[in-house]
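For the sequence shown, full-length UniProt numbering begins at 1 and goes up steadily by one. We put the beta carbon where it would ideally sit given N, CA and C, even for glycine. All values derive from a computational prediction rather than experimental measurement. Quick notes on the structure that follows.
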Amino acid sequence: MVSSSRNDGYELSTDPDRLDVGLIYRWLSTDAYWAQGRSRETVEESVRNSLNFAIHDAAGPQVAYARVVTDRATFAWLCDVYVAPAHRGKGLGTWLAGAVRDHLARYPLKRVLLSTLDAHGVYAQVGFAPVPNPQQLMILNPARRHEAATGHSPN
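Structure below.
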């Protein structure tokens with residue numbers, strides 16, 4: 001487990017017992033554009049099956065979250081990065097992304113990806129860069145997967 005703190009009292013931890021899954025669910029399902037409407041069950045399962053990082057303030061409550069989906073051998077996906085609105089602008093997102101980068105450095109990963117609409121500058125500060133050949137990437141859309149498998153539209 002990773003644990004580190006800053007002089008302003010914030011503490012970063014990978015201890016699963018310190019995660020506030022109810023809070024993570026609320027953040028993601030109601031305030032994160034990429035996860036709005038995500039079910040509690042889905043959030044719980046995603047937390048169980050991921051490497052999780054949380055930041056807590058000096059009083060103890062969780063104020064930020066990120067998770068990594070990885071095989072710990074070749075690939076990782078940084079996702080669900082969230083900083084509570086009252087704690088934004090304090091460098092917590094950059095600290096969180098840097099901690100993830102440093103934690104993943106112990107694995108022989110060939111690639112660590114993420115997707116963002118508006119936080120490119122945060123991730124660039126810790127070494128992320130645009131995908132050099134985006135034309136090589138493809139995505140499997142669940143609705144299209146159904147069409148391909150059945151030959152019918154999901155409606």
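Alpha carbon to alpha carbon, what distance is there between residue j and residue i?
i: residue 103; j: residue 141; result: 30 Å
i: residue 75; j: residue 96; result: 19 Å
i: residue 2; j: residue 55; result: 11 Å
i: residue 24; j: residue 43; result: 8 Å
i: residue 127; j: residue 120; result: 11 Å
i: residue 16; j: residue 27; result: 18 Å
i: residue 79; j: residue 122; result: 14 Å
i: residue 4; j: residue 62; result: 14 Å
i: residue 13; j: residue 6; result: 12 Å
i: residue 155; j: residue 139; result: Annotation note: pLDDT 48 at residue 155 (below 50); position unreliable, no value reported.
i: residue 110; j: residue 136; result: 15 Å
i: residue 89; j: residue 134; result: 30 Å
Helix, strand or coil for residue i, going by three-state DSSP, please let me know.
i: residue 5; result: strand
i: residue 102; result: helix
i: residue 51; result: strand
i: residue 66; result: strand
i: residue 155; result: Note that residue 155 scores 48 on pLDDT, short of 50, meaning its location in the model is unreliable and no value can be drawn from it.
With residue i as the anchor, note down where its beta strand (DSSP E) starts and where it stops.
i: residue 157; result: This structure leaves residue 157 out entirely; the chain is present only between 1 and 155.
Could you pull out every residue in the same chain whose Cβ sits closer than 8 Å to the Cβ of residue i, ignoring the five residues on either side in sequence?
i: residue 107; result: 70, 72, 73 and 76
i: residue 29; result: 35, 36, 37, 38, 39, 40 and 43
Within the continuous alpha helix (DSSP H) that includes residue i, where are the two ends?
i: residue 192; result: The requested residue 192 is not part of the displayed model; the chain covers only 1 to 155.
I'd like the list of long-range same chain contacts for residue i, defined as Cβ closer than 7 Å, with 5 residues on each side in sequence excluded.
i: residue 82; result: 27, 28, 32, 64 and 65
i: residue 59; result: none
With a threshold of 7 Å (Cβ to nearest heavy atom), would residue i be considered close to the ligand NAD?
i: residue 15; result: For the ligand NAD, the structure offers nothing, since it holds no ligand at all.
Keeping to the same chain, check which residues put their C-beta closer than 6 Å to that of residue i; ignore five residues upstream and five downstream.
i: residue 20; result: 62
Next on the checklist: Which runs of the alpha helix (DSSP H) at least 4 residues long sit entirely within the region 78-134? Give them in chain order.
Outcome noted: 92-104 and 120-124
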